[in-house]
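Engineer: Last residue of the sequence shown: 636 (our numbering), numbering continuous.
All C-beta atoms, glycine included, are put in the ideal place defined by N, C-alpha and C.
What follows is a single structure, and I will ask about it in a moment.
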Amino acid sequence: MVGSGAPRPSGRELLVNAGLAFAQVWAAAPASLLAYLVATAISAGAPVLVAWLTKNILDGVAAGVAFGDLVSGAVTLAVAGAAVAVVPQVSRYLTGQIERASSLYSTERLYRAVGRFIGLGRFEDPESLDRLRLADNSTRAPAMAVNSGLLVVGGALTVTGFVVTLVVVSPVMTAIVLASSIPVLIAELALSRRRGAMEWQIGPAERREFFYSSLLTEVNAAKEVRLYGLSDFLRGRMLTERHVSDSARRAMDLRETWTQGGLSLLGAAVVGGGLIWAIRAAAQGEISVGDVSLFIGGVMGVQSAVGGLISGFAEAHNQLLMFDHYRRIVDSEPDLPVPARPRPTPTMRQGIELRDVWFRYSDNHPWALRGISVHIPHGRAVGLVGRNGAGKSTLVKLLCRFYDPTQGAIYWDGIDLREFDPDTLRRKLAGVFQDYMEYDLTASENIGIGDLDGLEDGNRIVTAARRAGIHDKLITLPHGYRTLLSRLFMSEADKDDAETGVVVSGGQWQRLALARALFRDRPDLMILDEPTSGLDAEAETRIHEQIRRHRAGRTSLLISHRMSSIRDADHIVVLDEGALAEQGQHDELMARGGIYAGLFRMQAAGYNDADADADAATEQIQAIQPQDGAHPGLPARP
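Right, dumping it as C-alpha cells:
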C-alpha cells in the first residue's frame, strides 16, 4: 500500500507510464536509444551463440575432427566472446548518454509544469510537497525505466534461446529450471511494491529532517540558534527524523536480504541438481560431452538471464512507480480554474470590489475571511489594519489570485478576477510582501526582476533604487549594481575576497524588495505589506514620503502594524478575526472609539512614554555635563 493519500497506480496506468517514459526518452535521445536497442539485441543473442559454439567444438574434439575443420568455429567463438565482453561497455556509455539527455528533458518539463501552478495551494500542502520532491527525484526515472525494460526484453530473448537449447538436451530439466524462476518473479515484484510504498511513507520524515538540517546550516537562523543554544535541540530533532527513515529502510533491506538470500539458495540447489543429472546422463552415454557443456551453460544462462529479467522487471516497476509522481505533476490540471477564453484585463478605471468574500484553506481549516465586502476605489490608497491573524495576508493572496474565494467574488472594474488570465492580471500588480525574498543575484538583478522586460534598463533600475533609498548603498559595493548579493557561490580560494559577493543587512534587503516593486512601470494596483518594517524611524519616514509621491493618483493597498503609516490613507479597513470590523477615514475611526482607535492610541501611548523617558534621561545627562556642549560624546540640546 502506497502511503497515506497517495493513489497506487493500477497495472493499466503502469503500462501507460511505460509508454510515456519510452516516448519521452525517444524524444530526448533518439540516436542513443536506437544504438542501445541494437546493443541489447547483441547482448541477448551472444551468450546463446557462445554456448552452441562451445558444444560443437567440444563434440568435434571428442569425435576426433581435424584441427582445420574446427578453426572457423573457434574464430566465431572468439568473436562472440569479444561481443559478450565489449558490448556491455558500449551499453554502459549509451546508458549514461540516455540518462543525461532524458534527465535534462524531464527536468525542463517538470519545472515548466511547476511554473504553470497558478496559486499557492500546492506549495502550502504537505502531501503535494512530498509528491513534488519525489517527482524532482524522478527525473532520471524514464531513462532508468526504459533501460530496465530493455534489460527485461534482452533477458527474455536470452531465456528463450537457452530454453530452446535446454529442451534439446532435456525437456524435463528445462521445466524444472523454469518453475524455479516463478517464486523469484513473485518475490521481486512484492519487494518492488514495498520499496515504492516505503519511499512515499518516509517522505514527511525526510522533509522534516531537511528542515532541521537547514536551520543548523543557514545563516538566517544562525544567530538565534546560537543565542538560545538550540544546536543540540535541533540536531536531536533532525536525528530523530533520520532514525525514522533509517528504521524503515533497514527493515526493507533486511526483508530483501532474507528474500533474495532464500532465492539464491533455491537457484544453487537447481544448478547443483542439474549438474548431478548431467554428469550421470553423460556417464551412461545418454548425452555427449558437448551436451553437458551446453546444459551447464544453458542452466547458468537461464538463471542469469531470468535473474536479470526479474531484476530489470522489478526495477522498471519501481521506476514506473516513481515516474507516476512525475507524471501526475506534469499532467496535473491547473490548481485554479482558468477560462478557455479569458477576458482581457482592462486598465483599472473604477477599482476593486470584494463582495461577501468567505475563504478557508481547506474544509478542515477555520474561516480565514468571513463575509468581507470592501471597495478599493481607483486612484485611492486604502489602509488595511488588524491584529495578527485577522486575515490581512489572506486577503492579499486573494487579490493576487493565489487562491480563489470559497464563497463570494472579487471584481476588477466589475469583472470577476476568475474571468482573467492570471498572468495578465498579475502584470498589472506590484507588491512588497512581508516575507519578501532575498535573491542570490546581483543588486541590479534583485531590482530588475520586478519587471523582466526592463531587466537591462539601468536608468530605470537606478530610479527605483533611489525611490527605495538604497542607491547610495549600492554604488559603494565592489562592483556597484553588478555586485553579487550572496556568499553562496564563493569558492574556498576566494572566500575572503569581497568582490566575489557581499551580504547586506536586513533593512537593505527590504529596501531592495521595495525597489523591485517600484520598478514595475505604473501598476494598476500596488500592494505594500509592511514595506518598511525593518527600517529605523528616520529611514521609514523618508521611504514613506517617497512611496506617497510614487503612489499619488494610483490605486494602492497599504498594510502595516505601524498606525502612523496608515493614518493618511484615503480609506481604512479594519479586520478582526477574519471579519470586517469597521472602515472609514482616520478621524472617523478615531471618533468612533473602536478597534482602530484602540490600536492607534495604544501605539501612540508607547511612543509618548518612550519620548518622556528619553527627555528625562537627557535632562539627567545635561545636569552633569558642560552646558556649552563641549563634551565630545554628548552635545547640548538646542
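V500 lies in the beta strand (DSSP E); which residues open and close that run?
Structural biologist: Careful: V500 lies outside any beta strand (DSSP E) and carries neither H nor E.
Engineer: Going by DSSP, name the residue or residues bridged to I374.
Structural biologist: In DSSP, I374 forms a bridge with I350.
Engineer: So, with DSSP's three-state summary, where would you put I564?
Structural biologist: Here I564 sits in coil by DSSP.
Engineer: Please confirm if the region 329 to 338 is in contact with the region 371 to 380, defined as three or more CB-CB distances below 8 Å between the two stretches.
Structural biologist: With a cut-off of 8 Å, the region 371 to 380 and the region 329 to 338 do not count as touching, because too few Cβ pairs lie within range.
Engineer: Would you call W256 buried or exposed, if buried means 16 or more other Cβ atoms sit within 10 Å of its Cβ?
Structural biologist: Answer is exposed; the Cβ neighbour count stays below 16.
Engineer: Taking the straight line between their C-alpha atoms, what separation do you get for N444 and S136?
Structural biologist: Straight-line Cα distance between these residues: approximately 31 Å.
Engineer: For V572, is the classification buried or exposed, using 16 other Cβ atoms within 10 angstroms of its Cβ as the cut-off for buried?
Structural biologist: Buried, since its Cβ has 16 or more Cβ neighbours within 10 Å.
Engineer: Just the Cα atoms here: how many angstroms apart are Y434 and Q508?
Structural biologist: Going from the Cα of Y434 to the Cα of Q508 covers about 7 Å.
Engineer: Under the rule that 16 or more other beta-carbon atoms within 10 Å means buried, what is F418, buried or exposed?
Structural biologist: Buried.
Engineer: Compare the C-alpha of G387 against each of V380, R325, W365, A42 and name the closest.
Structural biologist: Residue W365 is the option with its Cα nearest to G387.
Engineer: Helix, strand or coil for I445? Go by DSSP, reduced to three states.
Structural biologist: Correct three-state label for I445: helix.
Engineer: For I327, is the classification buried or exposed, using 16 other Cβ atoms within 10 angstroms of its Cβ as the cut-off for buried?
Structural biologist: Its Cβ being crowded by 16 or more others within 10 Å, I327 is buried.
Engineer: Would you list, in sequence order, the uninterrupted beta strand (DSSP E) runs of no fewer than 3 residues that lie entirely inside the region 229 to 316?
Structural biologist: The qualifying runs do not exist here; there are none.
Engineer: Under three-state DSSP, which class holds A610?
Structural biologist: Unreliable positioning characterises A610 in this predicted model, as indicated by a pLDDT of 47, which lies under 50. The coordinate reading is nonetheless provided below. Here A610 sits in helix by DSSP.
Engineer: Which residues does DSSP pair with W410 in a beta bridge?
Structural biologist: Paired residue(s): I350, I413.
Engineer: Which value, in whole angstroms, describes the spacing of the CA atoms of G227 and F209?
Structural biologist: Using only the alpha carbons, I get a separation of about 18 Å.
Engineer: What do you get for Q87, buried or exposed, if any count of 16 or more other CB atoms within 10 angstroms of its CB means buried?
Structural biologist: Q87 is exposed by the Cβ-count criterion.
Engineer: Cβ of G467 within 9 Å of Cβ of L482?
Structural biologist: No, Cβ-Cβ distance for G467 and L482 is not below 9 Å.
Engineer: Name, in chain order, the residues that DSSP records as bridge partners for R341.
Structural biologist: Answer by DSSP bridge pairing, in chain order: F418.
Engineer: With DSSP as the reference, please indicate the residues paired to G381 in a beta bridge.
Structural biologist: Note: G381 sits in a beta bridge opposite L556, I570.
Engineer: Could you say if the region 177 to 193 and the region 344 to 358 meet the contact criterion of at least three C-beta pairs nearer than 8 Å?
Structural biologist: No, because fewer than three Cβ pairs between the region 177 to 193 and the region 344 to 358 fall closer than 8 Å, the two stretches do not touch.
Engineer: Give the secondary structure of G389 by DSSP, where H, G and I count as helix, E and B as strand, and everything else as coil.
Structural biologist: If DSSP states are grouped into helix, strand and coil, G389 belongs with coil.
Engineer: Can you tell me where the beta strand (DSSP E) holding G159 begins and where it ends?
Structural biologist: Run containing G159: none in the beta strand (DSSP E); it sits in the alpha helix (DSSP H), 139 to 167.
Engineer: Does the region 30 to 47 touch the region 105 to 121, meaning 3 or more C-beta pairs lie closer than 8 Å?
Structural biologist: Cβ pair count under 8 Å is below three, so no.
Engineer: What residue range does the alpha helix (DSSP H) around M435 cover?
Structural biologist: Segment: none, M435 is in no alpha helix (DSSP H) and carries neither H nor E.
Engineer: Would you mind giving the Cβ-Cβ distance between I40 and V73, rounded to the nearest angstrom? I have them listed as a contact below 8 Å.
Structural biologist: With 8 Å as the limit, I40 and V73 do not qualify as a contact, their Cβ atoms being about 18 Å apart.
Engineer: Which residue's Cα is closest to the Cα of A602: G576, R560, G582?
Structural biologist: With distances taken between Cα atoms, A602 lies closest to R560.
Engineer: Would you identify the three-state DSSP class for E580, choosing helix, strand or coil?
Structural biologist: Strand, per DSSP.
Engineer: Could you pull the start and end residues of the alpha helix (DSSP H) that I525 belongs to?
Structural biologist: Run containing I525: none in the alpha helix (DSSP H); it sits in the beta strand (DSSP E), 523 to 527.
Engineer: Which same chain residues end up closer than 7 Å to P140 when comparing Cβ atoms and leaving out the 5 residues on each side of it in sequence?
Structural biologist: Contacts found: A19, Q22, V23, S100, S104, F321.
Engineer: Work out the CA separation of G576 and G117 for me, nearest whole Å.
Structural biologist: So the two alpha carbons sit approximately 21 Å from each other.
Engineer: Please list, in chain order, all residues of the same chain as S286 whose beta carbon is under 6 Å from its beta carbon, the five residues on each side excluded.
Structural biologist: Excluding residues within five positions, the ones whose Cβ falls inside 6 Å are D57.
Engineer: Under 9 Å, do L149 and A37 count as touching if we go by C-beta distance?
Structural biologist: No.
Engineer: Helix, strand or coil: which one does DSSP assign to R399?
Structural biologist: Of the three classes helix, strand and coil, the one that applies to R399 here is coil, per DSSP.
Engineer: Give me whichever residues DSSP pairs with Q405 in a beta bridge.
Structural biologist: Per DSSP, W356.
Engineer: Return the residue from the list R325, A567, E351 that minimises the CA-CA distance to R138.
Structural biologist: Closest option to R138, Cα to Cα, is R325.
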